[in-house]
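Chemist:
Written out as structure tokens, the structure reads:
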């Protein structure tokens, strides 16, 4: 692991997710920019003394010399550092699991995509909400035609965690997430807008082709945007609306998606993740529940417990790790990855960075419609 040290909620989430299904062992890591703090924290995780590193460069230098060297690296550092860390380990032949956004610059994201393709290594990006069984069920229902042609998508990720000026009080997470040189061109879109973008793409199977956006700063004194409204045009001609915010006062997590088709609509709310609501045009609405036998293969595969015994955030996050582990082993064995293995890849990460750039460009042009597409097939190996 690189990052996720003392006081990091996302670090603890990654560790629990990695260990959830017994597919990974945490054997080495660097957990803080201060070498002593990193090694002390590694000791608290019972990592062997010789593998408690003071920097990611040290880990990259020493691990290849070991017969039992690391096989996968998980990166959960601030956004601006993702590219050099991921690049270094890809060059060493190590598979990568990286937090979102993939990078802060599109050229860096494309560089990682090209390198991952050339090395044929697994590169997962933790858009973890797509690990929820009912999100995967929604995806399969749309692909099966249950909604008919998609007409409209409304997606929100409107959290209230930063509705006060936390960064002024020394809040470490708020400080770096609202510093453009670290977080990227848009604090709120890079942090949670990329989640909303990927969720919409994943469920509908449609790419966002154009955006018209307005960024705003709701909290007085903040040096970065904390709110975004984005109009979307989708590849099939459908329209979409996105609202993402770190300053939606009183909201907890605030993530939901609604997809409206010709024959029906569906709705999923992250704080009620066990259920998916289907509303047909000519009949009563249905509430589908996780774990039931009528669900798709991908939804069933993502579940662990029987119906009525709630699963949640950690299980969904663990599905990304478990799916990535399956992909690593499949590559080693020379076999194709199962179709229901749906973890987000480096390609998804690149499109997320492109989306951030398009939103910022539109905002700077007073909401003008901006092309958000990128033909990944043209990004050949170099």
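In the numbering used here, the protein residues as written are 79 to 460. All residues carry an ideal CB built from backbone N, CA and C; glycine is no exception.
(1) Go through its chain and collect everything with a Cβ distance to residue 211's Cβ below 6 Å, but skip five positions before and after it.
(2) Residue 392 to residue 89, Cα distance in whole Å?
(3) Curious, which full-length beta strand (DSSP E) runs of at least 3 residues does the region 94-156 contain?
(4) Where DSSP assigns a beta bridge to residue 320, which residues make up the other side?
(5) Write down every uninterrupted run of the beta strand (DSSP E) in the region 279-309 whose length is 3 residues or greater and which is fully enclosed by it, in chain order.
(6) Count the other CB atoms within 10 Å of the CB of residue 387; is the residue buried (16 or more) or exposed (fewer)?
(7) Let me check understanding here. Comparing Cα to Cα, which of 236, 165 and 190 lies closest to residue 524?
(8) I need the DSSP call for residue 338, collapsed to helix, strand or coil.
(9) Kindly indicate which residue of 112, 105 and 330 has the alpha-carbon position closest to the one of residue 124.
(10) Under the DSSP definition of a beta bridge, which residues are partnered with residue 423?
(11) In angstroms, rounded to a whole number, what distance separates the CA positions of residue 226 and residue 342?
(12) Give me the Cα-Cα distance between residue 362 and residue 285, rounded to the nearest whole angstrom.
(13) Could you say if the region 259-275 and the region 425-436 meet the contact criterion of at least three C-beta pairs nearer than 8 Å?
(14) Under 8 Å: do the region 241-261 and the region 291-310 share three or more Cβ pairs, one atom per stretch?
(15) Helix, strand or coil: which one does DSSP assign to residue 366?
(16) Span of the alpha helix (DSSP H) holding residue 407?
(17) Can you grab the Cα-Cα spacing for the pair residue 402 / residue 327, in whole Å?
(18) May I have the straight-line CA-CA distance separating residue 422 from residue 177, to the nearest angstrom?
(19) Let me check understanding here. Comparing Cα to Cα, which of 348, 272, 346 and 215 lies closest to residue 371?
(20) Classify residue 142: buried if its beta carbon has 16 or more other beta carbons within 10 angstroms, exposed otherwise.
(21) DSSP three-state label for residue 247, please.
Modeler: Result, derived from the coordinates:
(1) On the chain shown, position 133 is the one that residue 211 refers to. Answer for residue 211: 368, 377, 380 and 381, listed in chain order.
(2) As a first step, residue 392 is located in the chain shown; it is residue number 314 there, counting from the start. As a first step, residue 89 is located in the chain shown; it is residue number 11 there, counting from the start. So the two alpha carbons sit approximately 12 Å from each other.
(3) 150-154
(4) Your numbering for residue 320 matches position 242 in the chain shown. Answer by DSSP bridge pairing, in chain order: 233 and 308.
(5) 286-294
(6) Residue 387 sits at position 309 when you count from the first residue of the chain shown. Exposed, since its Cβ has fewer than 16 Cβ neighbours within 10 Å.
(7) Past the boundaries of the shown model lies residue 524; the chain is included only from 79 to 460, so the question cannot be answered.
(8) Counting from 1 along the chain shown, the entry for residue 338 is found at position 260. If DSSP states are grouped into helix, strand and coil, residue 338 belongs with the strands.
(9) As a working mapping, residue 124 is identified with position 46 in the chain shown. Scanning 112, 105 and 330 for the CA closest to the CA of residue 124 turns up 105.
(10) One-based indexing of the chain shown puts residue 423 at position 345. DSSP lists 202 as partners of residue 423.
(11) For this step, residue 226 is matched to residue 148 along the chain shown. For this step, residue 342 is matched to residue 264 along the chain shown. If you take the alpha carbons of residue 226 and residue 342, they lie about 7 Å apart.
(12) For this step, residue 362 is matched to residue 284 along the chain shown. For this step, residue 285 is matched to residue 207 along the chain shown. When rounded, the distance between both Cα atoms is 30 Å.
(13) yes
(14) yes
(15) Here residue 366 is taken as the residue at index 288 of the chain shown, counted from 1. Here residue 366 sits in strand by DSSP.
(16) Your numbering for residue 407 matches position 329 in the chain shown. For residue 407, the enclosing alpha helix (DSSP H) covers residues 391-411.
(17) Residue mapping note: residue 402 aligns to position 324 of the chain shown, counting from 1. Residue mapping note: residue 327 aligns to position 249 of the chain shown, counting from 1. C-alpha separation (whole angstroms): 36 Å.
(18) Position 344 of the chain shown, counted from the start, is the residue given in the question as residue 422. Position 99 of the chain shown, counted from the start, is the residue given in the question as residue 177. About 11 Å.
(19) The count along the chain shown starts at 1 and reaches residue 371 at position 293. For the residues 348, 272, 346 and 215, the minimum Cα distance to residue 371 belongs to 215.
(20) For this step, residue 142 is matched to residue 64 along the chain shown. Its Cβ having fewer than 16 others within 10 Å, residue 142 is exposed.
(21) Position 169 of the chain shown holds residue 247. Reduced to three states, the DSSP call for residue 247 is helix.
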